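Contents: one structure, followed by commentary.
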Amino acid sequence: MTNREKPIAVFLWVWVGLALAAYLYQFRDMIGPVLDLLA
Amino acid sequence: MAFGVVLLEILSSLGLGALVLRLLKIDQELSPGEHAVFAFVAGFGLLGWLVFPLGVLGLLGKGWLLGLLIVGAVGCVLLKRKGSTAPAEPLDALGWGLLGLVLIVAFFDLAEGLAPPGDADSLAYHFTAPKQFLEAGRIKFILRPVDGAIPYLIQMTYLPALALGGEQALTLWTMVSGWAPALLLFVLCRRHLGRNWSLAVALIFLTTPAVIYAAGTGQIEVRMALFAMAAAWAAARALETGRLRYAMFAGLIVGFFGGAKYMGLLFAVACGLVLLAQRRWLAHGLVYGAMALLAGFQWYAWNGAHTGDPFFPVLFEWFGRDDLLLWTKEQDHYFKTVYMEYERPIPRTPLWFFLFPFLATLDSPAIIEAKNVGLGPFGLLVLPFAALGAWTFRRKILGSRLLIYTAIAFLFYAIWFFSGPSQRVRHLVPILPLLLICFAVAAERLCSQNRFQAPLAAALAATIGFQMFVGAVVSLKYARHIASGESREAFLHKNIKNYAPVPWINANLSKSDKLFTSERQLFYFLEIPYLFSSPHTQSAVNMREDQQDPVVLYRQLKAAGITHVLSGKLKGGETAYNPKSLDLLSQTKCLEHLKSFDAQSFGSRTFAKSLRAEITFDLLKVGDEKCAP
Numbered sequence: 033m034t035n036r037e038k039p040i041a042v043f044l045w046v047w048v049g050l051a052l053a054a055y056l057y058q059f060r061d062m063i064g065p066v067l068d069l070l071a
Numbered sequence: 027m028a029f030g031v032v033l034l035e036i037l038s039s040l041g042l043g044a045l046v047l048r049l050l051k052i053d054q055e056l057s058p059g060e061h062a063v064f065a066f067v068a069g070f071g072l073l074g075w076l077v078f079p080l081g082v083l084g085l086l087g088k089g090w091l092l093g094l095l096i097v098g099a100v101g102c103v104l105l106k107r108k109g110s111t112a113p114a115e116p117l118d119a120l121g122w123g124l125l126g127l128v129l130i131v132a133f134f135d136l137a138e139g140l141a142p143p144g145d146a147d148s149l150a151y152h153f154t155a156p157k158q159f160l161e162a163g164r165i166k167f168i169l170r171p172v173d174g175a176i177p178y179l180i181q182m183t184y185l186p187a188l189a190l191g192g193e194q195a196l197t198l199w200t201m202v203s204g205w206a207p208a209l210l211l212f213v214l215c216r217r218h219l220g221r222n223w224s225l226a227v228a229l230i231f232l233t234t235p236a237v238i239y240a241a242g243t244g245q246i247e248v249r250m251a252l253f254a255m256a257a258a259w260a261a262a263r264a265l266e267t268g269r270l271r272y273a274m275f276a277g278l279i280v281g282f283f284g285g286a287k288y289m290g291l292l293f294a295v296a297c298g299l300v301l302l303a304q305r306r307w308l309a310h311g312l313v314y315g316a317m318a319l320l321a322g323f324q325w326y327a328w329n330g331a332h333t334g335d336p337f338f339p340v341l342f343e344w345f346g347r348d349d350l351l352l353w354t355k356e357q358d359h360y361f362k363t364v365y366m367e368y369e370r371p372i373p374r375t376p377l378w379f380f381l382f383p384f385l386a387t388l389d390s391p392a393i394i395e396a397k398n399v400g401l402g403p404f405g406l407l408v409l410p411f412a413a414l415g416a417w418t419f420r421r422k423i424l425g426s427r428l429l430i431y432t433a434i435a436f437l438f439y440a441i442w443f444f445s446g447p448s449q450r451v452r453h454l455v456p457i458l459p460l461l462l463i464c465f466a467v468a469a470e471r472l473c474s475q476n477r478f479q480a481p482l483a484a485a486l487a488a489t490i491g492f493q494m495f496v497g498a499v500v501s502l503k504y505a506r507h508i509a510s511g512e513s514r515e516a517f518l519h520k521n522i523k524n525y526a527p528v529p530w531i532n533a534n535l536s537k538s539d540k541l542f543t544s545e546r547q548l549f550y551f552l553e554i555p556y557l558f559s560s561p562h563t564q565s566a567v568n569m570r571e572d573q574q575d576p577v578v579l580y581r582q583l584k585a586a587g588i589t590h591v592l593s594g595k596l597k598g599g600e601t602a603y604n605p606k607s608l609d610l611l612s613q614t615k616c617l618e619h620l621k622s623f624d625a626q627s628f629g630s631r632t633f634a635k636s637l638r639a640e641i642t643f644d645l646l647k648v649g650d651e652k653c654a655p
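Taken in sequence, the protein lines are chains A and B.
The opening residue of the first sequence carries number 33 in the working numbering; numbering runs sequentially from there.
The opening residue of the second sequence carries number 27 in the working numbering; numbering runs sequentially from there.
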């Protein structure tokens, strides 16, 4: 990986992490029902 | 029996489609696998198209439908057996892993296909209308907006399955036709991507929450993705080759799309606009339009003949008939100002046009159903990869097929956002495969030289992992049903909202009775006539809050032929019926209490145990003329 690509790679990792967290956050109220169902 | 009928319907679709491809001479360039999948798409649409004239002529008997399937299946002799397929290399470990996940999804979906139907929209009309048509032996006009007087081309393919193989064949057929878009997506991806990538994209599509929700039900958006992909491919080939046959095929397929849902007309415009961007625009435009008209006109003519408005109720205020008891001009105005605005909570401005996908992915209003029935996280996670890939290879994009797919999908989204009747995100499922292909190819190209592969792999793994988990959670109820061997009735009591009154009503009321109810998910199971009591979708009995006169209500119930009213109250909650006119009438002898039922209401079938409310339903008998409210 070139020096020019390194910051892009960091940006992509941060994007994936934050976007996934933001997406999953909306399902926080589903944790209880899902656990009930699996139990 | 059910499996045999579904197999015959698959063969019929393949055969009819192979005939279309041969007539249009577009089978030569396709490999046997591609040929079979494109044949299924064309045949699926043609089968739905052919059932319509049988229905209008009153020929919806088992013999005619079986004959149609057999005649269609004969066309399988035209399927290609030899072609230009390159010898397949063995799958690597990743490929086996992805294939294993696809098989797990197939197991989930088979469990759903073997279980009784449970989706509310399917039970309100996708399955109920075919059932009514079969009972009548002909297509009946259903005067109700949104889920009555609509195009039914896809639901017409449900008729042979239901007639010949019963309910089991019907649900298995929806499973098969719900899987077909994933196969077509795989085939289209293979033109641009390796096998593992194509498998991953197909898996992401199959496990998209909106696809998990709808593919195994009677809902049609997933099946319409077949038409969107095939039409986009044909439009691209028309632009690449300049040949009219591809424009004809694109027109035929968008005609089927329009025959399946009004939204298909928006896609026909988007696809047509892209097709016109060439030197032979006039010739291509004419054959495209003619084929689209031929393939799509049926249900517009049918609904127009019965209401005056071919696009009922879009143009009803101008062209609608004035002699319809269930739908007046005043009702039409009420419906459009109250109900339709409720379906579009996001302002239709240029700013929200660009923000809508983010809102729909991260934090959306409940009415657009984007949280539980959305398009998943893939688009958001892969967005920067796709954008960087598109920028890096921008010179190659010009003239590429992917640019055509992007243009069609973008135009459709724009037309849908600014003029569509509803902002429910699942209505975008038909163009989701086009988005998946373009995003996947752009991201793959960016990362193809050992760059940025780790974060992209993480994004894909997170998407697949999350969506597989959702698929497993949703499928648990079907797997438990199959494994436990519980009866159909037991499954329905557990999974159909407010199902409790149905067995008693079917056992004790007759065809000469008529039930008035707001529980549309019960329509499929009711064996007696009924009228949907929503104040939005009928004007025969005014159930709006502002109409509080019980005398008016009684007169309207009698005029509509209603003999019984089914109305619910939350246990421990309200003590009066809604609306007030019904409550006042229930205090007279004109509405006598006949029986009560303890029922369960829930917003989600998957979480029916933890998110439910206890409801008491009362069955009320409408008194005779002597009661005088």
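Virtual Cβ for every residue (Gly too), placed ideally from N, Cα, C.
As the structure is a prediction and not an experimental result, all values here were calculated from the model.
Check	Outcome
With 16 other CB atoms within 10 Å as the buried threshold, where does glutamate 395 of chain B fall?	buried
If asparagine 568 of chain B and glutamine 582 of chain B are in contact, beta carbons under 8 Å, what's the gap, nearest whole angstrom?	6 Å
According to DSSP, glutamine 626 of chain B sits in a beta bridge with which residue or residues?	B:Glu640
Nearest by alpha-carbon distance to isoleucine 508 of chain B: which of B:Gly89, B:Ile52 and B:Phe133 is it?	B:Phe133
Find the residues of chain B that neighbour leucine 44 of chain A, judging by a C-beta separation of less than 7 Å, and give them in chain order.	Pro410, Phe411, Phe478 and Pro481
With 8 Å as the threshold, decide whether the Cβ of threonine 387 of chain B is near any Cβ in chain A.	yes
Quick one: does leucine 52 of chain A have its CB under 8 Å from some CB of chain B?	yes
Closer than 8 Å between beta carbons: that is the criterion. Which residues of the region 486-507 of chain B meet it against chain A?	Ala488, Phe492, Val499 and Leu502
Quick one: what does DSSP say tyrosine 25 of chain B is sitting in, helix, strand or coil?	Here chain B covers residues 27 to 655 and nothing more, so residue 25 of chain B does not appear.
Taking its Cβ as the centre, do 16 or more other Cβ atoms sit within 10 Å of threonine 543 of chain B, making it buried, or is it exposed?	buried
Kindly say whether proline 468 of chain B, judged by its beta-carbon, lies nearer than 8 Å to any beta-carbon of chain A.	Note on residue identity: the sequence assigns alanine, not proline, to residue 468 of chain B. No, because no Cβ of chain A sits closer than 8 Å to the Cβ of alanine 468 of chain B.
Output the boundary residues of the alpha helix (DSSP H) element that contains phenylalanine 478 of chain B.	Where phenylalanine 478 of chain B is concerned, there is no enclosing alpha helix (DSSP H), given that its DSSP letter is neither H nor E.
Return the bridge partner residues of histidine 590 of chain B from the DSSP annotation.	B:Leu541 and B:Lys647
Could you compute how far the alpha carbon of leucine 83 of chain B sits from the alpha carbon of tyrosine 178 of chain B?	16 Å
State yes or no: is the beta carbon of proline 39 of chain A nearer than 8 Å to at least one beta carbon in chain B?	no
Could you check which residue in B:Lys652, B:Ala487, B:Val577 and B:Lys537 has the C-alpha nearest to that of leucine 127 of chain B?	B:Ala487
Please work out which residues of its chain come closer than 6 Å, Cβ to Cβ, to glycine 43 of chain B, disregarding the five sequence neighbours upstream and downstream, and give them in chain order.	Ala65, Phe66, Ala68 and Gly69
Name the chain A residues that come within less than 7 Å of leucine 462 of chain B, Cβ to Cβ?	Correct list: empty, because the minimum Cβ distance to chain A is about 17 Å.
Within 10 Å of its beta-carbon, does tryptophan 223 of chain B have 16 or more other beta-carbons around it, so buried, or fewer, so exposed?	buried
Can you give me the Cβ contacts of glutamate 193 of chain B inside the same chain, cut-off strictly under 8 Å, excluding the 5 residues immediately before and after it?	Pro142 and Pro143
What did DSSP end up calling histidine 619 of chain B once you bin it into helix, strand or coil?	strand
Answer yes or no: does any C-beta atom of chain A fall closer than 8 Å to that of leucine 381 of chain B?	no
Can you find a CB in chain A that lies within less than 8 Å of the CB of alanine 484 of chain B?	yes
Use the C-beta contact count for leucine 3 of chain B: other C-beta atoms within 10 angstroms, 16 or more gives buried, fewer gives exposed.	Because chain B in this structure spans residues 27 to 655, residue 3 of chain B falls outside the shown range and cannot be described.
Along chain A, in chain order, which residues have C-beta atoms closer than 7 Å to that of arginine 637 of chain B?	Before going further, note that residue 637 of chain B is leucine rather than arginine in the sequence given. Going along chain A in sequence order, the residues near leucine 637 of chain B (Cβ under 7 Å) are Pro65.
With a cut-off of 8 Å on the beta carbons, I'd call proline 339 of chain B and aspartate 358 of chain B a contact; round off their distance for me.	6 Å
When we look at the beta-carbon of glycine 74 of chain B and count the other beta-carbons within 10 Å, is it buried (16 or more) or exposed?	buried
Assuming the contact rule is C-beta atoms closer than 8 Å, leucine 351 of chain B and alanine 566 of chain B should be a hit. Round their C-beta distance to whole Å, please.	5 Å
If I follow the unbroken alpha helix (DSSP H) through alanine 585 of chain B, where does it start and stop?	576-585
Checking the sheet assignment: what are the DSSP bridge partners for leucine 596 of chain B?	B:Ile641
Comparing alpha-carbon positions, which option in B:Gly598, B:Ala625 and B:Ala585 lies nearest valine 648 of chain B?	B:Ala585
So leucine 406 of chain B contacts chain A; which residues on that side make the cut at Cβ distance below 7 Å?	Ala51 and Tyr55
Contact between the region 314-334 of chain B and the region 275-285 of chain B: three or more CB pairs below 8 Å?	yes
Go ahead and pull the three-state DSSP assignment for tyrosine 55 of chain A.	helix
Are the C-beta of lysine 397 of chain B and some C-beta of chain A separated by less than 8 Å?	yes
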